[in-house]
Structure formats: C-alpha cells, structure tokens
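With positions in the sequence shown counted from 1, the corresponding number in our numbering is that position plus 21. Just so it is clear, CB atoms sit at the ideal spot from N, CA and C, and this is done for glycine as well. Nothing here was measured: the structure is a model prediction, and the numbers come from that model. Structure first, commentary second.
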Amino acid sequence: MKESYSKKRVKLLKQNKDYDALYRYCSRFALDKNWDAFLEVSKCYMHGWGVEKNPLHAYMIHMQLASMEQPKGYYYLAWDYYEGLGVKTNQRKAFRNFLMAANKGVVDAMFNVAILYYNGIGVQIDEKQAAYWFSQAAVLGHGQAQFNLAICYEEGRGLDRNAIQANYWMEQASANGIASAQNYLGQEEAYVQQELDEIVRALQTLDSRVEKNMDLDVLLKRIKTEVKRIEEKTMKIKKGQLIVSCQALPDEPLHSSYIMGRMAVAAKEGGAAGIRANTVEDIAEIQKKVDLPVIGIIKRVYGDNPVFITPTMKEIDELMTVKPAVIALDATLRPRPDGVSLDDLVQQIRQKYPEQTLMADCSTLEEMKHADEIGFDFIGTTLIGYTEESKDLQVQANDFEIIRDFIAQSDRPVIAEGNIDTPEKARRVLDLGCYAVVVGSIITRPQLITKRFVDGINR
22 MKESYSKKRV KLLKQNKDYD ALYRYCSRFA LDKNWDAFLE VSKCYMHGWG
72 VEKNPLHAYM IHMQLASMEQ PKGYYYLAWD YYEGLGVKTN QRKAFRNFLM
122 AANKGVVDAM FNVAILYYNG IGVQIDEKQA AYWFSQAAVL GHGQAQFNLA
172 ICYEEGRGLD RNAIQANYWM EQASANGIAS AQNYLGQEEA YVQQELDEIV
222 RALQTLDSRV EKNMDLDVLL KRIKTEVKRI EEKTMKIKKG QLIVSCQALP
272 DEPLHSSYIM GRMAVAAKEG GAAGIRANTV EDIAEIQKKV DLPVIGIIKR
322 VYGDNPVFIT PTMKEIDELM TVKPAVIALD ATLRPRPDGV SLDDLVQQIR
372 QKYPEQTLMA DCSTLEEMKH ADEIGFDFIG TTLIGYTEES KDLQVQANDF
422 EIIRDFIAQS DRPVIAEGNI DTPEKARRVL DLGCYAVVVG SIITRPQLIT
472 KRFVDGINR
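See the structure below:
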C-alpha cells in the first residue's frame, strides 16, 4: 500500500528539529506533485532545514505553485517580492500576489492586503478597501485584523464610526490573545476608573463646602467644573496622532528659536497634532506660532551626570513660566545631578504644580513600571537604547517587542518616541496600542536626512 503524506509527521519532525528527515520526507512527496509537501520543501530552502539555505530555490518553488494557482504559492511568492527573498523587491508584485492569495481564502493574506491598502504599499492608499479586508480576516478569526477593524470603527477610517462595533471587535481581539487589544480595553477601563476616582475626590472636597440646603444647581455647577478640569488634563494630547519634535541643539545648523517656530508651523500644516520642544525660548516662540499642545523639556548637562532631560526642579520651574501642556523628564533610575531621587522630584512637582501633566522618558521596563507607580500621566519610550541599561535594546526588534511590553504592562498611556523613522513604523506602533507617536530627526534635521540619502547613494 502506498504511503500517504502526513501533515502530523511533518509537524512532529519540525518539533523534534529533525530537519534532515523533514527535507527527505517532503522531497519524496513533492516529486509526486503533492503541493503541501512541495511548499514544505520551499520552507526548507528558506530556512536551511536539512539542505543549504537557498532563497532562490524557494522563490522558484513558490513561482511554480502560483502558476498552478495554489493559494499558499501566491502567499509565499508575495513575501518573496515584499522581502526581496531570492528575487528583487517589488511591492506592486507583492500586493498582487497577496491579493490573489486573499481571494483564494488565505486569512493571513487578507490581513496583509488590508495593511498594504492602509499604508499605500504597492497600491494607492484606500482606507475603505483596508477596512473591507480587515473585516474579511476578522470574521475568520484573525486577532490582529479584529483589533485593526475595531480601530477603523472607532476612528471612522474606511467605515462609519460605530462605537458598538468598535467595542465588539476589540473584545474579540482581546479574547484572541492580542495584547494591544487587552491593553487598550484595560486602559479604557483605567481611564474611566481614574476619572470616577477624581470625581469622587472632587465630591468629597465639595461636600465640606456644601452649606445646609445649598442650591442643587450650584453644587452641580461645581461638579461640572471639576469634571471639565479632569477632561482637559487627560485630553491635552490627542490619541492616535503624530507629535513632531522640533529641536536643534546649539551646535546644529538650525539652532534658533525663530526657526523652531517656523518648523512648528510647517509641522502643523503637515497635520501634526502636537510639538515636542526644548528650552523656554523655543517653546515660547512655538506657542506664538501654533495653537498645538507642546511637550516641553529642557536639555541641560551637569558635569558628567548622564541625566540631562529636565533633570532638576530648576528646569521644571523654568518650564512653568511658559506652561507647556506636558512636561517630559528623564524617568530613569540613574542618580540625578542634584542628588534628588525621581520619587522626590515628582512629589515636589505635584505639590508645587498639581495640575501639570507629566511624561516619563524611560529606557527599560523596570523604569516604566516605577514611573507608573509614582504617578506620571504618560509613559514615553524616548530613551530605549540610549542608556547603559538599555544599550542592547532596539525599539523595532521583533515587531517592536519592547514597545509591546511597555503597552501590556503599563497602566498609563504609552507614547512611542525614538527611532520611529518611517510612516510605516509610526502606523505600526499606533496599531499596537500606543497612545500617540513622536517623530523628530527624520522630519526636522535636514543634515541627518541628507546624510541618510548620501550614505544610501554611496553604498
């Protein structure tokens, strides 16, 4: 009796990492035109399992499978074109093959088609088509597609806004184990609870001032005032938007408060929803030119101390003369120049400026958790990779794993900042659940942008 191809055996060989046997087994059935076995042989060539790694051979197999109209052939051929595996990168061909696979029922291909439509990769941006393909994949149980579909419903991207559908698909994604959805729902719950706690405290404060038989309208007016104050504090930075960092240090060509003001105008014209700026002078000029919320910092070096982003209370006091919407400061656990601990500094700020919104510039999960505990309003990924403690971390490694960890383990909104140097990366971190994203040098430092082009040309 002729032996039948067994997917269970293939799975077992992979689990045992018996790649020589895997390659021999699949090659035998591939000769009989078993397309599943043929596809597994291509994976052996892709990964070097039991045979010398050869992306070109894998590409040729995918071409043959696609010519036989095999769905997975189209799917893997699309990846070859997208990643440049065995063939020159071609985003248009990648899109066309993902679309062929999607139309033949490959769920992951449906999700990828949606992503390409959403970001305009290999095809014109089309949010309606993106939403359509997210919905097709979502119905078939694709967790990340469910999360993205929820965002489409919430923000009205390609679909009419629908809070009920947004919540439904967010819950489906959460149930599927999508960390960004679980964190999103957790943050929403935390925001509601935080506001309720603030209202309760406000009521308790008001209660001591309530006179006997006080007019109810007066009491309600006070409550509304308190609620409005809370809303204004939490909504200073708009969710899901781009913040542009407009900074130039003294040794840089564009160092000038006037230029930073004009840079902020340009950023606003491009659609930025906020500005991050350094020094009181720059912030004051920017505030004259645009009505966007500013994340203010002062970079000041004290001797050989490594903490230089708003390091002491002195810088806080200076920033409060221009009252930026948010003040960001180094929230690492390194000793500060004046010997004051981060905990004590935050306590001093809260006592002196209780209404000020604070952002923690962190570099590690430990720092993020500590910033959470001591009461920062926003968590920033600003310093990942820039401190001794985080020197081995790369923001974009493993699909932004460190940022995903920040989001999953933080009770505060996370703002992505640092090495987000393409629109695709910015969109990705927002899709993962970041509250907002800060982009700087790749927009506002022409000397670095020019060098990037020159280096690319001279390769």
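Secondary structure at residue i, three-state DSSP: helix, strand or coil?
{"i": "ASP442", "result": "coil"}
{"i": "MET341", "result": "coil"}
{"i": "THR465", "result": "helix"}
{"i": "ASP57", "result": "helix"}
{"i": "ASP420", "result": "helix"}
{"i": "MET380", "result": "strand"}
{"i": "GLY477", "result": "helix"}
{"i": "ILE400", "result": "strand"}
{"i": "LYS32", "result": "helix"}
{"i": "GLU232", "result": "Its pLDDT being 48, under 50, GLU232 is placed unreliably by the model, and the measurement read from it follows with that caveat. Reduced to three states, the DSSP call for GLU232 is coil."}
{"i": "TRP70", "result": "coil"}
{"i": "GLY126", "result": "coil"}
{"i": "LEU366", "result": "helix"}
{"i": "LEU227", "result": "Unreliable positioning characterises LEU227 in this predicted model, as indicated by a pLDDT of 49, which lies under 50. A coordinate reading is not provided."}
{"i": "SER431", "result": "coil"}
{"i": "ARG117", "result": "helix"}
{"i": "LYS38", "result": "coil"}
{"i": "GLU409", "result": "helix"}
{"i": "LYS335", "result": "helix"}
{"i": "SER27", "result": "coil"}
{"i": "THR471", "result": "helix"}
{"i": "ALA187", "result": "helix"}
Determine the burial state of residue i: buried for a count of at least 16 other Cβ atoms within 10 Å of its Cβ, exposed for fewer.
{"i": "ILE258", "result": "buried"}
{"i": "PHE474", "result": "exposed"}
{"i": "SER411", "result": "buried"}
{"i": "ARG425", "result": "buried"}
{"i": "GLY291", "result": "exposed"}
{"i": "ALA89", "result": "Checking the displayed sequence, the identity of residue 89 turns out to be Met instead of Ala. With fewer than 16 Cβ atoms within 10 Å of its Cβ, MET89 is classed as exposed."}
{"i": "LYS170", "result": "Before going on, a small fix: residue 170 reads as Leu here, not Lys. When all chains shown are included, LEU170 counts as buried."}
{"i": "SER63", "result": "buried"}
{"i": "GLN203", "result": "buried"}
{"i": "SER27", "result": "exposed"}
{"i": "ILE436", "result": "buried"}
{"i": "ASN118", "result": "buried"}
{"i": "LEU270", "result": "exposed"}
{"i": "GLN167", "result": "buried"}
How many Å lie between residue i and residue j at the Cα?
{"i": "LEU451", "j": "LEU263", "result": "10 Å"}
{"i": "ALA158", "j": "ILE82", "result": "26 Å"}
{"i": "ALA429", "j": "ALA418", "result": "17 Å"}
{"i": "GLY439", "j": "VAL31", "result": "42 Å"}
{"i": "SER277", "j": "PRO467", "result": "14 Å"}
{"i": "LEU363", "j": "ILE307", "result": "29 Å"}
{"i": "TYR66", "j": "ASN75", "result": "5 Å"}
{"i": "ASP129", "j": "PRO375", "result": "48 Å"}
{"i": "LYS109", "j": "GLY143", "result": "14 Å"}
{"i": "LEU414", "j": "ASP420", "result": "13 Å"}
{"i": "ARG321", "j": "LEU275", "result": "19 Å"}
{"i": "ILE318", "j": "ASN299", "result": "5 Å"}
{"i": "ILE337", "j": "ILE146", "result": "43 Å"}
{"i": "ASP101", "j": "LYS29", "result": "27 Å"}
{"i": "ASP303", "j": "LYS344", "result": "13 Å"}
{"i": "ILE464", "j": "VAL265", "result": "8 Å"}
{"i": "VAL286", "j": "LYS310", "result": "6 Å"}
{"i": "ASP476", "j": "CYS383", "result": "30 Å"}
{"i": "GLU24", "j": "ARG178", "result": "52 Å"}
{"i": "VAL416", "j": "LYS54", "result": "43 Å"}
{"i": "MET380", "j": "LYS114", "result": "43 Å"}
{"i": "GLY295", "j": "LEU52", "result": "60 Å"}
{"i": "HIS78", "j": "PHE59", "result": "12 Å"}
{"i": "ARG230", "j": "TYR456", "result": "Annotation note: pLDDT 49 at ARG230 (below 50); position unreliable, coordinate value reported separately. Their backbone Cα atoms lie some 37 Å apart in a straight line."}
{"i": "MET131", "j": "ARG448", "result": "18 Å"}
{"i": "GLU481", "j": "GLY207", "result": "Residue coverage of the chain in this structure runs from 22 to 480, which leaves residue 481 outside it and unanswerable."}
Quick one: what's residue i bridged to in DSSP?
{"i": "CYS267", "result": "ALA298"}
{"i": "ALA457", "result": "ILE436"}
{"i": "ILE351", "result": "It should be noted that the sequence gives Asp, not Ile, for residue 351. The partner list for ASP351 (beta bridge, DSSP) reads ASP382."}
{"i": "GLY317", "result": "ALA298 and ILE348"}
{"i": "ILE330", "result": "LYS320"}
Verify the CB distance criterion: does residue i have a CB-CB separation below 8 Å to chain D?
{"i": "LEU275", "result": "Among the chains of the structure shown, chain D does not appear; only one protein chain is present."}
Are three or more beta carbon pairs between the stretch 187 to 202 and the stretch 437 to 445 nearer than 8 Å?
Result no; under three Cβ-Cβ pairs closer than 8 Å.
Hey, is the stretch 324 to 338 in contact with the stretch 351 to 360, meaning 3+ C-beta pairs nearer than 8 Å?
Yes, the stretch 324 to 338 touches the stretch 351 to 360.
Any contact of the stretch 40 to 48 with the stretch 60 to 72, i.e. 3+ C-beta pairs under 8 Å?
Contact holds: three or more Cβ-Cβ distances are below 8 Å.
So does the stretch 389 to 401 actually touch the stretch 321 to 329, counting three or more Cβ pairs closer than 8 Å?
Not touching, per the Cβ criterion.
For the pair the stretch 164 to 181 and the stretch 393 to 405, tell me if three or more CB-CB distances fall below 8 Å.
With a cut-off of 8 Å, the stretch 393 to 405 and the stretch 164 to 181 do not count as touching, because too few Cβ pairs lie within range.
Is the stretch 119 to 137 touching the stretch 150 to 167 in the sense that three or more CB pairs, one from each, lie closer than 8 Å?
Touching, per the Cβ criterion.
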